[in-house]
Amino acid sequence: MQTPSDRHAYPSHWEADVVLRDGGTARIRPITAEDADRLVSFYEQVSDESKYYRFFAPYPRLSAKDVHRFTHHDQVDRVGLAATVSGEFIATVRFDRIDSRGMSASAPADQAEVAFLVQDAHQGRGVASTLLEHIAAVARERGIRRFVAEVLPANTKMIKVFTDAGYQQKRSFEDGVVRLEFDLEPTDRSLAVQYAREQRAEARSVQRLLTPGSVAVIGVGRTPGGVGRSVLRNLRDAGFTGRLYAVNSAFEEETEVDGVPAYRSVRDIEEPVELAVVTVPAERVPRAVDECGERGVLGLVVISAGYAESGPEGRERQRELVRQARSYGTRILGPNAFGVINTSPEVRLNASLAPHPPERGRIGLFTQSGAIGIALLSGLHRRGAGLSTFVSAGNRADVSGNDVLQYWYEDPDTDVALMYLESIGNPRKFTRLARRAATAKPLVVVQGAKHSGISPTGHAVQATRLPHATVSALLRQAGVIRVDTVTEMVDAGLLLAGQPLPSGPRVAILGNSESLGLLTYDACVADGLRPLPPRDLTTGATPGDFRAALAEALSDHACDAVIVTAIPWVQEDGATESPEAEALATALRAAAEGCPAKPVLVVHVELGGLAEVLSAATRTGPNAPTGRVPTAAATAPAATAPEAHATQSEPLSPAQQYRIPAYPAAERAVRALAEAVKYAQWRREGKEPGKVHEYDDIDESGAADRIAELLRADDDPRGATLAEADASELLGRYGIDVRHALPAPDPDAAVEAARTLGYPVALKTTAPHLRHRADLGGVRLDLADEEQLRRAYAELTEAFGKPAELRPVVQAMAPRGVDTVVRAVIDPAAGAVLSFGLAGAPSELLGDTGHRLIPVTEREAGSLVRSIRTAPLLFGWRGSAPVDTPALEELLQRVSRLVDDHPEVVGVSLEPVVVAQRGLSVLGASVRLAPPPARNDLGPRTLPGY
37 MQTPSDRHAY
47 PSHWEADVVL
57 RDGGTARIRP
67 ITAEDADRLV
77 SFYEQVSDES
87 KYYRFFAPYP
97 RLSAKDVHRF
107 THHDQVDRVG
117 LAATVSGEFI
127 ATVRFDRIDS
137 RGMSASAPAD
147 QAEVAFLVQD
157 AHQGRGVAST
167 LLEHIAAVAR
177 ERGIRRFVAE
187 VLPANTKMIK
197 VFTDAGYQQK
207 RSFEDGVVRL
217 EFDLEPTDRS
227 LAVQYAREQR
237 AEARSVQRLL
247 TPGSVAVIGV
257 GRTPGGVGRS
267 VLRNLRDAGF
277 TGRLYAVNSA
287 FEEETEVDGV
297 PAYRSVRDIE
307 EPVELAVVTV
317 PAERVPRAVD
327 ECGERGVLGL
337 VVISAGYAES
347 GPEGRERQRE
357 LVRQARSYGT
367 RILGPNAFGV
377 INTSPEVRLN
387 ASLAPHPPER
397 GRIGLFTQSG
407 AIGIALLSGL
417 HRRGAGLSTF
427 VSAGNRADVS
437 GNDVLQYWYE
447 DPDTDVALMY
457 LESIGNPRKF
467 TRLARRAATA
477 KPLVVVQGAK
487 HSGISPTGHA
497 VQATRLPHAT
507 VSALLRQAGV
517 IRVDTVTEMV
527 DAGLLLAGQP
537 LPSGPRVAIL
547 GNSESLGLLT
557 YDACVADGLR
567 PLPPRDLTTG
577 ATPGDFRAAL
587 AEALSDHACD
597 AVIVTAIPWV
607 QEDGATESPE
617 AEALATALRA
627 AAEGCPAKPV
637 LVVHVELGGL
647 AEVLSAATRT
657 GPNAPTGRVP
667 TAAATAPAAT
677 APEAHATQSE
687 PLSPAQQYRI
697 PAYPAAERAV
707 RALAEAVKYA
717 QWRREGKEPG
727 KVHEYDDIDE
737 SGAADRIAEL
747 LRADDDPRGA
757 TLAEADASEL
767 LGRYGIDVRH
777 ALPAPDPDAA
787 VEAARTLGYP
797 VALKTTAPHL
807 RHRADLGGVR
817 LDLADEEQLR
827 RAYAELTEAF
837 GKPAELRPVV
847 QAMAPRGVDT
857 VVRAVIDPAA
867 GAVLSFGLAG
877 APSELLGDTG
887 HRLIPVTERE
897 AGSLVRSIRT
907 APLLFGWRGS
917 APVDTPALEE
927 LLQRVSRLVD
937 DHPEVVGVSL
947 EPVVVAQRGL
957 SVLGASVRLA
967 PPPARNDLGP
977 RTLPGY
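Note that the working numbering has the sequence shown beginning at 37, numbered continuously upward.
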């Protein structure tokens with residue numbers, strides 16, 4: 037129990053669980069008066085050299101005065117944090133606010149002296165750099181903008197911690213001491229350093245689960261059957277290369293189970309245990325976790341059920357499980373997990389409930405559902421696909437898809453990542469990781485429970501107000517190949533794992549069935565591809581005919597991919613006969629050898645065995661080198677393996693990698709190819725992502741002052757929607773001009789407003805139920821004189837009610853054009869999102885709206901305009917005049933800048949925006965301000981709290 041500090045209540049929000057460089061975890065928390073004994077014990081375990089570096093003199097022990105000073109903090113001017121494992125200190129950091137002379141001070145002094153001490157046994161684990169992130173965040177919260185550190189020149193490790201952090205620094209040397217000063221405001225470089233460290237740490241924590249040197253299965257029954265016995269058998273039968281142990285408290289001493297050494301407790305095992313698979317009932321799991329923690333087990337896979345999926349009591353049991361494991365510095369996969377598989381010949385790990393592990397391949401598979409995991413493993417096996425790794429996270433109380441994505445990013449054995457997600461716990465982080473991963477290898481995602489609005493039981497999920505379609509659009513912007521079903525995920529995965537990326541959308545179609553060729557052609561058109569006229573080889577085509585036709589198509593510079601269609605032969609008597617699958621597959625592979633840079637897909641109908649033969653081992657050419665063939669991931673930027681990958685398994689041969697995917701329906705093959713085409717285009721465009729444009733006429737500081745003034749004037753902590761005049765003024769500071777509208781509470785006022793603005797004018801109602809609803813008759817346009825205006829006013833009030841209810845306004849007519857709508861919102865989970873669509877039915881009824889994450893670049897603004905299905909209306913559809921899309925793209929970028937520069941702007945709506953042949957007019961605007969929401973992606977690295 038923590039005690040309050042001298043001046044502030046205990047800042048519990050500073051507590052955090054973190055992943056260290058080696059994949060283990062630690063807890064960071066404020067130091068309190070109750071930590072005196074812990075501090076003394078910690079200091080006694082620090083070497084004399086480290087003490088000397090900390091105090092610049094021999095300092096063998098802490099005095100009572102020292103202990104009091106280092107454990108009593110006011111949490112404002114003096115703050116101390118500790119990193120703990122198993123409740124004991126492994127490192128400390130503190131800052132003291134100082135003035136310009138280096139003397140103790142209080143606010144408004146904005147600099148502080150910082151000092152670290154890390155236990156020698158834990159140096160090199162990244163503890164100090166993690167503590168620096170957290171103490172810097174605390175300092176910024178307390179109004180400190182600069183840290184000062186004095187370090188002995190010989191203390192190179194500590195100097196490196198500071199210099200590698202990425203902050204703006206000033207370095208000097210005087211009186212034999214290195215003095216470092218650095219600003220604490222995050223920079224692009226400091227964030228890049230933080231993200232790189234996050235990736236290494238989280239990837240290493242997953243590697244601990246996938247490449248253990250020894251595994252203990254806890255809960256192995258004494259008789260055949262049961263979950264524990266099944267997992268043990270699967271590990272043994274897969275040929276696990278490390279040491280294997282069976283654990284059950286009911287075992288007799290010095291016994292074996294299925295030839296595996298058996299023990300009563302993990303503590304009885306003399307050799308190190310790196311991974312424990314826990315299968316005991318939920319009520320016995322805490323004891324097992326304690327024993328594993330005391331034994332130093334590095335990772336836990338908890339297959340046991342009875343946690344959050346079972347109700348409130350189970351949810352609390354799950355939270356306690358995570359807290360317990362993290363207290364020992366251990367990460368958990370599960371609970372209620374299906375297990376993990378690693379097919380690398382150096383490991384051969386099958387710590388799962390799957391009795392038959394997949395063949396070795398280059399696809400990584402992650403699922404949250406065990407049932408879906410079983411189905412996917414079975415489906416991939418039937419299609420001849422191999423896996424590199426498989427992770428089924430169950431309730432994903434700790435290790436999640438984000439962690440596995442960090443591991444796959446630089447895993448040399450994984451070329452394609454497939455993920456079945458039922459929830460995304462941190463969409464902002466997932467989008468960031470997915471964008472980076474997709475630059476190196478394809479990432480295919482299918483999301484379940486997308487329409488229920490209910491998070492799966494056991495999953496801790498941040499609330500989002502965005503509809504599923506918007507989330508999908510944002511994932512696509514990040515390069516994710518977003519599909520709707522697990523079948524589509526497997527179809528796309530097979531293509532991407534075995535074939536190169538297409539260089540464009542042009543598709544050649546050939547086969548022995550004219551009808552099947554036409555079906556394939558129609559499917560290509562429907563999915564946005566550009567098919568060439570199908571080539572019919574007739575039903576009498578031989579494997580040799582297929583080979584010649586495929587070779588000719590692949591050599592044609594006018595095509596980027598080839599789809600081969602095949603049906604059984606029809607004999608003269610009308611009987612059907614399937615050509616020998618091996619002969620046809622050999623012919624197709626031989627033709628593909630001549631042009632390995634173009635993808636080949638096969639659509640087969642009732643050709644038994646063809647898919648299996650095509651997916652079997654083949655080679656890409658007569659002199660194919662050992663190593664990797666040009667599959668979808670092969671053109672990615674070279675990635676340096678992280679430190680954790682001390683060794684790499686032998687690469688798969690080209691024969692093991694190059695497989696021609698076969699599909700039982702044309703639509704499935706075409707859909708997979710269409711996704712590959714879009715992904716390839718995204719990756720090509722990613723080489724030149726564009727930039728966020730700087731506009732000289734933007735008044736950022738003036739807008740900030742006005743926003744602060746408006747927020748001070750409103751005492752509602754939830755914020756408020758600005759008055760039209762205030763919204764127009766704020767938008768004007770970002771070069772967004774809103775056409776002025778004058779109130780018209782009666783006909784005479786309307787006439788006066790029209791005189792002021794000049795005819796022709798528009799008369800509009802602004803009542804909420806009629807606003808922006810021209811289809812209901814609440815708008816009268818092109819009123820050329822007073823007579824027309826008075827007549828329109830009378831018609832409106834007669835049809836819809838009194839002026840007080842309608843709140844009519846008069847506005848000068850804008851040039852004719854296409855009505856569009858631009859919106860921006862701040863979502864608590866996904867972040868700032870910019871949306872665009874055509875006004876009215878297209879966006880509201882049909883949901884034809886595009887979305888991009890803010891800030892948008894010039895390229896992204898252009899793609900957003902073109903992303904909607906009704907975009908042709910902007911570019912001269914059916915002979916109409918094209919409108920000024922460059923002006924529209926500029927408007928999108930200006931709105932993006934406004935929201936990105938000022939997080940207090942939590943909502944913007946411009947409707948309608950009339951885009952004319954030259955220029956555009958913003959006829960209506962709404963802006964909402966509120967205190968900025970917290971951004972966990974800009975703070976220090978933390979694990980989700982429990």
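Think of the CB as a built atom: it goes at the ideal place given N, C-alpha and C, for glycine as much as any other residue.
Which residues share a DSSP beta bridge with Gly-335? Counting from one through the sequence shown, the residue named residue 335 turns up at place 299. In DSSP, Gly-335 forms a bridge with Leu-311, Arg-367.
Who are Thr-856's beta bridge partners in DSSP? Numbered from its first residue, the sequence shown carries residue 856 at position 820. Answer is Leu-874, Val-949, bridged to Thr-856.
Which complete alpha helix (DSSP H) runs does the region 395 to 430 hold, if anything under 4 residues is left out? Segments of the alpha helix (DSSP H) lying fully in the region 395 to 430: 406 to 418.
Three-state secondary structure assigned by DSSP to Arg-90: By one-based count along the sequence shown, residue 90 stands at place 54. Arg-90 falls in the helix class under three-state DSSP.
When the Cβ atoms of the region 771 to 789 are set against those of the region 842 to 862, are three or more pairs found closer than 8 angstroms? yes
Residues in the same chain with beta-carbon distance under 7 angstroms from Asn-659, minus the five sequence neighbours each way, listed in chain order, please. Mapped onto the sequence shown, residue 659 falls at position 623. With a pLDDT of 35 at Asn-659, under the threshold of 50, the modelled position of that residue is not reliable, and no figure is offered here.
Identify the continuous alpha helix (DSSP H) that holds Val-174 and give its terminal residues. In the sequence shown, counting from the first residue as 1, residue 174 sits at position 138. According to the DSSP assignment, Val-174 belongs to the alpha helix (DSSP H) that extends over 163 to 177.
Which stretch, first to last residue, makes up the beta strand (DSSP E) that contains Val-150? For this step, residue 150 is matched to residue 114 along the sequence shown. Segment 147 to 154, the beta strand (DSSP E) holding Val-150.
Could you tell me how far apart the beta carbons of Ala-185 and Ala-151 are, in whole angstroms, since I believe they sit closer than 8 angstroms? As a first step, residue 185 is located in the sequence shown; it is residue number 149 there, counting from the start. As a first step, residue 151 is located in the sequence shown; it is residue number 115 there, counting from the start. With 8 angstroms as the limit, Ala-185 and Ala-151 qualify as a contact, their Cβ atoms being about 7 angstroms apart.
Give a yes or no on whether the minimum CB-CB distance between Thr-199 and chain C is below 9 angstroms. Annotation note: the requested chain C is absent from the structure, which comprises a single protein chain.
Taking the beta strand (DSSP E) that Met-455 belongs to, which residues open and close that run? Sequence index remark: in the sequence shown, residue 455 carries index 419 (1-based). Counting along the chain, the beta strand (DSSP E) containing Met-455 begins and ends at 452 to 457.
Hey, quick one: how far does the alpha helix (DSSP H) through Glu-217 stretch, first residue to last? Within the sequence shown, the letter at position 181 stands for residue 217. Taken as a continuous stretch (DSSP letters only), Glu-217 belongs to no alpha helix (DSSP H), being part of the beta strand (DSSP E) at 213 to 219.
Under 9 angstroms between the Cβ atoms of Ile-408 and Gly-422? Residue mapping note: residue 408 aligns to position 372 of the sequence shown, counting from 1. Residue mapping note: residue 422 aligns to position 386 of the sequence shown, counting from 1. Their beta carbons are not under 9 angstroms apart, which means Ile-408 does not touch Gly-422 by this criterion.
Can you give, in chain order, each stretch of the alpha helix (DSSP H) that sits fully within the region 710 to 798 and has at least 4 residues? 736 to 749, 760 to 768, 783 to 793
State the CB to CB distance for the pair Gln-354 and Ala-433, rounded to an integer number of angstroms; the pair is presumed to be in contact (CB under 8 angstroms). On the sequence shown, position 318 is the one that residue 354 refers to. On the sequence shown, position 397 is the one that residue 433 refers to. Right, the Cβ-Cβ distance comes to about 5 angstroms (below 8 angstroms), so this counts as a contact.
Reference Leu-766, options Leu-747, Ala-790, Gly-794, Ala-739, closest by Cα: Your numbering for residue 766 matches position 730 in the sequence shown. It is Ala-739.
Use the C-beta contact count for Pro-839: other C-beta atoms within 10 angstroms, 16 or more gives buried, fewer gives exposed. Locating residue 839 in the sequence shown gives position 803, counting from the first residue. When all chains shown are included, Pro-839 counts as buried.
Tell me the DSSP secondary structure of Leu-188 in three-state form. Taking the sequence shown and counting its residues from 1, one reaches residue 188 at position 152. Coil.
Cβ neighbours of Arg-542 in the same chain (closer than 7 angstroms, five flanking residues each side left out): Residue numbering aside, residue 542 sits at position 506 when the sequence shown is read from its first letter. Answer for Arg-542: Arg-566, Leu-568, Ala-594, Cys-595, Asp-596, listed in chain order.
On the DSSP bridge list, what partners appear for Thr-885? Taking the sequence shown and counting its residues from 1, one reaches residue 885 at position 849. BP columns for Thr-885 point to Gly-873.
Who are the Cβ neighbours of Asp-937 in its own chain at under 7 angstroms, not counting the five residues just before and after it? On the sequence shown, residue 937 is found 901 positions in, with the first residue counted as 1. Glu-736, listed in sequence order.
Beta-carbon spacing of Val-639, Ala-587 below 9 angstroms: One-based indexing of the sequence shown puts residue 639 at position 603. One-based indexing of the sequence shown puts residue 587 at position 551. Cβ atoms of Val-639 and Ala-587: not closer than 9 angstroms.
Return the first residue and the last residue of the alpha helix (DSSP H) that Leu-554 is part of. Looking up residue 554 in the sequence shown gives position 518. Here the alpha helix (DSSP H) through Leu-554 covers 550 to 562.
Ala-798 versus Arg-518 - alpha carbon distance: Start at 1 with the first residue of the sequence shown, and residue 798 comes out as number 762. Start at 1 with the first residue of the sequence shown, and residue 518 comes out as number 482. Roughly 44 angstroms separates the two Cα atoms.
Gly-534: which of Asp-53, Leu-637, Pro-604 sits nearest, CA to CA? Counting from 1 along the sequence shown, the entry for residue 534 is found at position 498. Residue Leu-637 is the option with its Cα nearest to Gly-534.
Can you tell me whether DSSP reads Val-931 as helix, strand or coil? Counted from its first residue, the sequence shown places residue 931 at position 895. Note: Val-931 maps to helix in three-state DSSP.
Alpha-carbon to alpha-carbon, Pro-536 and Val-665: By one-based count along the sequence shown, residue 665 stands at place 629. By one-based count along the sequence shown, residue 536 stands at place 500. Unreliable positioning characterises Val-665 in this predicted model, as indicated by a pLDDT of 41, which lies under 50. The coordinate reading is nonetheless provided below. Whole-angstrom Cα-Cα distance: 9 angstroms.
For Asp-821, which of helix, strand or coil comes out of DSSP? Residue mapping note: residue 821 aligns to position 785 of the sequence shown, counting from 1. Reduced to three states, the DSSP call for Asp-821 is coil.
Cross-strand partners of Gln-483 (DSSP beta bridge): As a first step, residue 483 is located in the sequence shown; it is residue number 447 there, counting from the start. Note: Gln-483 sits in a beta bridge opposite Leu-457.
Drop a sphere of 10 angstroms on the beta-carbon of Thr-379, count the other beta-carbons inside from all chains shown, and report buried for 16 or more, exposed for fewer. One-based indexing of the sequence shown puts residue 379 at position 343. Counting Cβ neighbours within 10 Å, Thr-379 comes out buried, since at least 16 surround it.
Using C-beta distances below 6 angstroms, list every residue in its chain close to Pro-976, excluding the 5 sequence neighbours before and after it, in chain order. For this step, residue 976 is matched to residue 940 along the sequence shown. Cβ neighbours of Pro-976 beyond the five flanking positions: Glu-169, His-170, Ala-173.
If you reduce the DSSP assignment to three classes, tell me which class Tyr-699 lands in. Working through the sequence shown from its first residue, we reach residue 699 at position 663. Tyr-699 falls in the strand class under three-state DSSP.
Of all the beta strand (DSSP E) runs that stay within the bounds of the region 503 to 540, which reach a length of 3 or more residues? Counting only runs of 3 or more, we get 517 to 519.
Under a three-way DSSP split, which group does Ser-250 fall into? Start at 1 with the first residue of the sequence shown, and residue 250 comes out as number 214. In the structure shown, Ser-250 sits in a strand (DSSP, three-state: E or B).
Beta-carbon separation of Ala-373 and Gly-406 under 9 angstroms? Locating residue 373 in the sequence shown gives position 337, counting from the first residue. Locating residue 406 in the sequence shown gives position 370, counting from the first residue. Yes, Cβ-Cβ distance for Ala-373 and Gly-406 is below 9 angstroms.
Thr-120, DSSP secondary structure in three states: As a working mapping, residue 120 is identified with position 84 in the sequence shown. Strand.
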